[in-house]
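Shown next, in structure tokens, is the structure this report addresses.
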Amino acid sequence: MRHSNKSKKILALFLLLMFGFVIFLAVMLYTALHKRDIPSIYSEDTAKAQRGSIISADGFHIATTQKLYKAVVNTRNIDPDKEELFIQLFSIYSGIEVSEIRERLHTRKGTVTLSYHISPKEAMYLKTLAFELRRLGVFIEYETPSGDRILQGLSILESGEARQYPYGNLLTPLLGYPRKIEEDGYTRVYGIKGLEKFFDEELNPQQNRTQKALRDVNGYLILNKQSDIKRQINGLTVKLNIPILFQSRVEIITDQIKQKLQADEIIATVMESKTGKIIALASSNRFDPSHIRTEDYPSLNANAIEYSYEPGSVIKPIIFSLMLDRGLINPYDMVNGHNGRFTMGTKTIVDEHAFSMLSAEDVLVYSSNIGIAQLAQKLNGVEFTEGLKRFGFTHFSGIDLPYEKRGSIPSSAQLNNYLYKAITSYGYGMRANPMQLVKAFNVFNNGGKLINPMVVEALYDDNGRTIPMQVQAPTQVIAPATAERMKQILIKTVNVGTGTIAKTPGLEVGGKTGTAHIAKNGAYVNSYHTSFIGFANDGKHNYTIGITVIEPRTVYFASITAVPVFKGIVDLMVEEKFLTPDPVAAAAAQPSQPEAIHP
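Residue numbers for the sequence shown follow the numbering used here, so the first one is 252 and each next one is one higher.
In structure tokens form, the structure reads like this:
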């Protein structure tokens, strides 16, 4: 009997142990097969790469990108006994009012965004604060209904980027402007106009920074050789050929004379004749890219390339050089001026100043429409059309800006007609933009070679590596001897002709005026475009300068609208040491200048 009881006890104990073992196996099997949220021993940190900057030739940042951050906190993680400490410290670090923080914290339970517009400096301070708040025990874990324990605390997250323009409207509309776009909750910018558009791909960020590594108990990365790190590759920096001080002072000149003339706009371009580098491209009509208003809309286009017009008499030297280069004329040939009034078929051509006879070169010097209309008959239609195209008309100028208007010229068949030849020879019946005219005139100051204008010097990456701009090889448009002869005629035009206001003792200055009626609704009206395209040299430095005045109202002759802008810029270039007048020639110059002859 005793033995039987003992056996039963052993069996019961065995069965109890087996039951416990089965339960243990079941728990282990459930644990092994059931999906669980196991805390990762790894953590990942990312940082968005930034859009590149645009800087001036002298190193000033004209357009930069500033990152924006947002501060997010989970209110369930804040220890109720230390909530006031959190509010006070966050207010000190962020500059946000205590009452505003308190109000936001109490709007809802859970994740709350305390600010969307935190600067990089504030973000750095707040990240330090987040670490200290954890250390001080301000944040505590909370348990979800599913049993998960959460500790998030204060997070400072990148929310987007904003384009900054420290110098306001400087260099606009050349600089252009961007527009914002949302990408997965992150605000990016992309270029819409000007340099921001043309170099949008180069300015755009290349690669975001990512860091994946072991984490400590607070979730901070432990970086070592086993960490997976991708470096941040920002967009390229675009460096201009334009120095900021010179550009700003040229803009002041255009502003002052625009007001004096009550003009719609004044456009000024200064280019190094040998290299094509644009060192100033100014408009009197500008805007702040950070705050574009409705009234700014007419100023958003870079009219140096986006505005084409009938250029008037500035086209005469181009036509003259085509004939001179082919040996069709001699500068000393005599031309009948018909005393200022000449009928050619159904067209009556009138000169502002009457001449009976004048030399072929004086047709340019005194801007005779009658004279150039007769000389132009020596070119056939193909020579006329192809000649204008060789000088760059109807082609893009090659400048590194978008949305250029190519203009137009009559066809070869049309230019076989004597009236088309006559009208086109003094700048009507064709269209060109101001940059095309500067590029064409530069041929006379560059040994007959055509080169592309360039606003940008080079691109740079974060390591300082230079990516030079591709420069197109010069094209020989006319013979060097022809270019030199044209240069001397244009110098004579300034010395005794329509451009005398441009004279600067000690410098080699030449150029040509142009005054042209504006056509509106298919008819010419009593409004004008005026231009002066020329050059200024000192023996070491050669510059081609173009001025376009759109609809001056107080007076319309180019000699007293466009030429003073040119003269003001040349004087500024002397002051800024871009040009150095020859002291002997300056001293020998006559103190008085002859009265200007209008084109």
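C-beta: ideal position from N, C-alpha, C; glycine also.
Since the structure is predicted, the reported quantities are computational estimates derived from the model, not experimental observations.
Here T717 is exposed, its C-beta having fewer than 16 other C-beta atoms within 10 Å.
Pairwise C-beta distances place the stretch 591 to 601 out of contact with the stretch 649 to 661, as fewer than three of them are shorter than 8 Å. Judged by DSSP in its simplified three-state form, T751 adopts helix. Between N554 and I518, the gap from beta carbon to beta carbon is short of 8 Å. For A624, the enclosing alpha helix (DSSP H) stretches over residues 620 to 626.
Looking only at N590, G303, T795, E354, the smallest Cα-Cα distance to Y441 is reached by G303. The Cβ-Cβ distance between P429 and I443 falls below 8 Å.
Straight-line spacing of the CA atoms in I338 and R414 works out to 31 Å. Cα atoms of Y775 and V601: separation of roughly 15 Å, rounded to the nearest angstrom. When secondary structure is reduced to three states using DSSP, T645 falls in the coil class, being assigned neither helix nor strand. By the neighbour-count definition (other C-beta atoms within 10 Å, threshold 16), L421 is a buried residue.
DSSP lists I518, S782 as the bridge partner or partners of T799.
Counting only runs of at least 4 residues, the stretch 384 to 462 fully encloses the following alpha helix (DSSP H) elements, listed from N- to C-terminal order: 445 to 449, 451 to 454. With a cut-off of 8 Å on Cβ pairs, the stretch 632 to 646 is in contact with the stretch 655 to 668, counting three or more such pairs. Residue state for H542 is assigned as coil, using DSSP reduced to three classes. Under the DSSP definition of a beta bridge, L491 partners with V707. Residues V586, G622, I623, L626 of the same chain have their beta carbon placed closer than 7 Å to that of V614, with the five preceding and five following residues left out of the count.
Contact check for N492 against V706 passes: the beta carbons are separated by less than 8 Å. Within the DSSP secondary-structure output, Y320 pairs in a beta bridge with I369, E409.
Taking C-alpha positions only, K567 is separated from G588 by approximately 16 Å. Annotated as distal: Y617 and G486, with beta-carbon spacing of 8 Å or more. The residue from T438, N777, T675 with its alpha-carbon nearest to that of T636 is T675. With a threshold of 16 other beta carbon atoms within 10 Å, T799 meets it and is buried. Between K481 and I556 a beta carbon distance of about 40 Å is seen, past the 8 Å cut, so the two are scored as non-contacting. L408 and K321 do touch by the CB rule: their CB atoms are close to 5 Å apart, below 8 Å. Residues Y441, G442 of the same chain have their beta carbon placed closer than 7 Å to that of D451, with the five preceding and five following residues left out of the count. With a 10 Å radius around the Cβ and a threshold of 16 neighbouring Cβ atoms, N697 comes out buried. G761 places its beta carbon 8 Å or farther from that of F783. Contact between P725 and K690 is ruled out by a C-beta separation of about 11 Å, above the 8 Å threshold. As a beta-bridge residue in DSSP terms, V601 pairs with R592.
In this chain, the alpha helix (DSSP H) harbouring N693 covers 685 to 693.
DSSP places Q723 in the coil class of the three-state scheme, outside both helix and strand. Looking at N746, E759, G785, the one whose alpha-carbon comes closest to that of G765 is G785. Counted as a single uninterrupted DSSP element, the stretch harbouring A730 is not any beta strand (DSSP E), since DSSP gives it neither H nor E. Taking C-alpha positions only, Q507 is separated from V821 by approximately 16 Å. About 20 Å separates the beta carbons of L575 and M681, which is beyond the 8 Å limit, so they are not a contact pair.
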